[in-house]
Every structure is written in C-alpha cells, then in structure tokens.
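The structure appears below as structure tokens.
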Amino acid sequence: MTVLDAYLGGINNFFSVWFFCLFQVTPFFLAYMTGLTMMEIKDNKWTGSISGIVTGGILCLAGFMIGYTLLGSTATYASNILFRYLSLLSHLGGVILLLTGLYFVGLFQLSHLKEKWYAKYVGILIGLSFALAYQPCVTPTLSSIYNMTKQTETVTRGTLLLSFYSLGISTAFISVGMIISNLLSIGSLKYFRKIIQNISGGLLIIMSILILSNWMTKYKSYLVGWLLHEHH
C-alpha cells in the first residue's frame, strides 16, 4: 500500500457507506467550524475572515490527526501511554468542548485579543478531543494499516500510512466544512448568525455531555443501528 492509497482510503471513508461511523464526530466538527465562522465574520464578509476560519479548521484537524494516528499506532510507546490515560484525557477533552460550547453561546466573554486567540488556537485541542472520543469503524484500507501498526517491525510504515489516512479524512472534513461555512455566511443570514452560533455551541455542549457521561459508545451504537436500518 502506498501513501496515496492510504490518503484516498481516508477520503473514501467520508464519501462512502463508512461515513456512518464518521458521523460520530462529523456534526460536532461542523458545529465547531460553523461557530468559528460566526465568531470570525461578525459583520464582515466571509472572504475577509477566511484566514481565521481556515486557521481554526486546520488546527482542529491537526489535533484530530495527531490523536487519531497515535491511538492507531498500537505498537508504539506513545500509543501505550495514551491508552493508559485515555479516560482521563477524554474527560479533559470533554471539559474543553464544554467551555468552547459555553463560549459560543455567550455564557462568558473574552477580550478582543484573547477572543481571536481562543477561537482559532483552541482548535487543536478540540480536534484532539474528537480523536480521543472517536471510535472508528475498521474499513478495508484501515484494516491493512492496523495490521502494520500492531507489529513492531512494521509500525513505522504503518504509522506513516495511518497519518495519510487521517489526512484523507481531514481533507474531506475541511472541504465540506468550508463549503458549509461559506453558505452560512451569506448576507441574507446576517440576522440569524447569533442563532446559528448558539446552535453550534449547543452541539459542542451535547458532545461534552456524551463524553463526560461516558455515553459516546452508546451514541455510536445508536447511530450505527439507526443508519444501517435506514439503508435496508
């Protein structure tokens, strides 16, 4: 398997039947992108705020890729450490999501400088939180990669392929996220931006509750069961 195969496999994960597993985190990533968009554009045009939106989105996906790759590289020391403290780290991620959700709905305010910093750069922690909470389905491509990451003699190659697989997923995420971000920033929705921002914050709060209450597994089981039922 080449890195291109792994990358395309990650993209295919998003645009195929395997999407139902990604749906465990998809609404919440899009909620973060949407909330960030509403925070960035305010009364400006989308094109004038695109730098901040892209920065926040890419940092979020960088965090997701780091967590996803480390968790999947099971034959590495870093993965073993991560799994040892996975519950604690997941709950810390839940707290970060909760704070971001509360921030989006306006329950607390920051100075303008801190607001710009927080909205963008907390994204890497948001993405890491998504990765820690996410329980991926093993697609055929991912199965081949996992076979390599489980063996010490092939773990380096497997980790490289896994990083490109997660890059493929992230490419799909950021592409869809930016399209939705652009659509929601049109002038006719100007007076609904606060409502959209509140909905985005509410979704992040919901995910934080799922994580902190250890219901993410139940949520995934419900999603898989419902989506499979709808497709039969």
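Per this note's numbering, the sequence shown starts with residue 110, numbered consecutively.
For each residue, glycine too, the CB sits at the ideal point set by N, CA and C.
Query                                                                                                                                                                              : Result
How many whole angstroms separate the CB atoms of Gly-172 and Ile-278, which I take to be in contact at a CB cut-off of 8 Å?                                                       : That pair is no contact at about 13 Å.
Taking the alpha carbon of Ser-317 as the point to measure from, which residue in Leu-208, Lys-259, Leu-117 has its own alpha carbon closest?                                      : Leu-208
How many angstroms separate the CA atom of Cys-130 from the CA atom of Pro-245?                                                                                                    : 6 Å
What does the alpha-carbon distance come out to for the pair Leu-313 and Ile-233?                                                                                                  : 15 Å
Whole angstroms is fine: what's the gap from Ser-275's alpha carbon to Ile-315's?                                                                                                  : 24 Å
Rounded to whole angstroms, what is the Cα-Cα separation between Phe-128 and Ser-309?                                                                                              : 21 Å
With distance defined between alpha-carbon atoms, name the residue in Gly-236, Phe-213, Gly-176 nearest to Asn-307.                                                                : Phe-213
If contact is defined by three or more beta carbon pairs under 8 Å, each pair taking one atom from either stretch, is the region 194 to 203 in contact with the region 263 to 272? : no
Where in the region 273 to 335 do unbroken runs of the alpha helix (DSSP H), each at least 4 residues long, occur, reported from the N-terminal end onward?                        : 302 to 321
Please list, in chain order, all residues of the same chain as Ser-188 whose beta carbon is under 7 Å from its beta carbon, the five residues on each side excluded.               : Leu-179, Leu-180, Ser-182
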